[in-house]
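Numbering (our numbering), first residue to last: 8 to 222.
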């Protein structure tokens with residue numbers, strides 16, 4: 008097992024699942040967002056749930072929020088929108104979308120060496136265009152950062168001695184707080200399961216509330 012280190016900077020919008028007119032952003036990129044980023048680099052279509060699920064089942068993820076950035080909001084109108092009951096409604100409706108400006112994240116992906124090598128090639132020469140959550144948030148720097156021989160993504164992040172709160176798939180030293188998030192891929196298209204996220208440092212109240220809404 009090895010751990011691939013990736014980094015993003017700039018405008019980002021890792022949103023939460025919602026049918027509301029207010030499209031909120033999470034305080035950290037969720038596991039499903041990381042899977043989506045890697046899948047796009049590999050050239051996996053978002054409708055290919057089997058390949059997405061297999062990718063998800065073979066990696067461990069930790070994310071460090073080096074800089075949360077400043078929250079900003081944009082105004083949009085949408086047509087033929089989906090209502091909370093899942094039905095498509097015709098007409099035009101205003102929406103408000105949140106973004107993080109000047110955010111900085113470090114990602115640690117732990118996986119078998121063969122898969123890691125495929126991921127390295129993919130992030131250096133992605134098959135699809137990569138975004139930081141939404142299409143309006145393109146990458147502003149090369150995604151690849153480093154490769155380390157550590158089999159725990161949270162420990163791999165801590166070894167870099169960078170500041171920032173860590174959100175990890177697995178428990179480790181100083182990961183004292185935890186929360187429940189519905190972002191674990193399942194074999195069913197667009198169906199997600201709950202998982203426990205382990206957090207370094209104090210879990211702020213607004214982070215708890217945001218993730219409760221995603222459940």
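Cβ atoms here follow ideal geometry from the backbone N, Cα and C, with glycine treated the same way.
All of these numbers come straight from a predicted model, not from anything done at the bench.
CB contact below 8 Å: residue i versus chain D
i: residue 40; result: Absent here is chain D; the protein component of the structure consists of one chain.
DSSP beta-bridge partners of residue i
i: residue 189; result: 201
i: residue 77; result: 108
i: residue 174; result: 70, 206
i: residue 151; result: 13
i: residue 29; result: 103
i: residue 63; result: Partner(s): none; residue 63 has no beta bridge.
i: residue 182; result: 207
i: residue 95; result: 89
i: residue 83; result: 102
i: residue 118; result: 9
i: residue 245; result: This structure does not reach residue 245, given that the chain is present from 8 up to 222, and the question cannot be answered.
Cutoff 7 Å; reference residue i; Cβ partners in own chain excluding five residues on either side
i: residue 67; result: 117, 160, 176, 177
i: residue 199; result: 39, 189, 190, 191, 192, 193
i: residue 35; result: 70, 72, 174
i: residue 181; result: 207
i: residue 37; result: 21, 188, 190
i: residue 140; result: 19, 20, 21, 22, 40
Chain-order list of residues whose beta-carbon lies under 6 Å from that of residue i (same chain, five-residue window excluded)
i: residue 147; result: 16, 17
i: residue 163; result: 10, 115, 155, 157
i: residue 101; result: 84
i: residue 222; result: A caution first: residue 222 carries a pLDDT of 30, below 50, which makes its placement in the model unreliable, though a value can still be read off. Here the set comprises 189.
i: residue 205; result: 175, 178, 182, 185
i: residue 88; result: 96, 100
i: residue 77; result: 108
i: residue 60; result: 192, 194
Distance between beta carbons of residue j and residue i, contact taken as under 8 Å
i: residue 110; j: residue 75; result: 6 Å
i: residue 28; j: residue 103; result: 6 Å
i: residue 48; j: residue 134; result: 7 Å
i: residue 195; j: residue 56; result: 7 Å
i: residue 144; j: residue 63; result: So it is not a contact: roughly 22 Å between Cβ atoms.
i: residue 122; j: residue 137; result: No, residue 122 and residue 137 are not in contact; Cβ-Cβ is about 18 Å, not under 8 Å.
Sequence-distant residues of its chain with Cβ nearer than 8 Å to residue i (five each side left out)
i: residue 113; result: 12, 13, 14, 70, 71, 73, 152, 164, 167, 169, 171
i: residue 212; result: Residue placement at residue 212 is poorly supported in this model, since its pLDDT is 48, which falls under 50; the coordinates are not used for a value here.
i: residue 80; result: 103, 104, 105, 106
Requested in this report: Determine, using beta-carbon pairs with one atom in the stretch 122-136 and one in the stretch 43-50, whether at least three such pairs fall under 8 Å.
Outcome: yes
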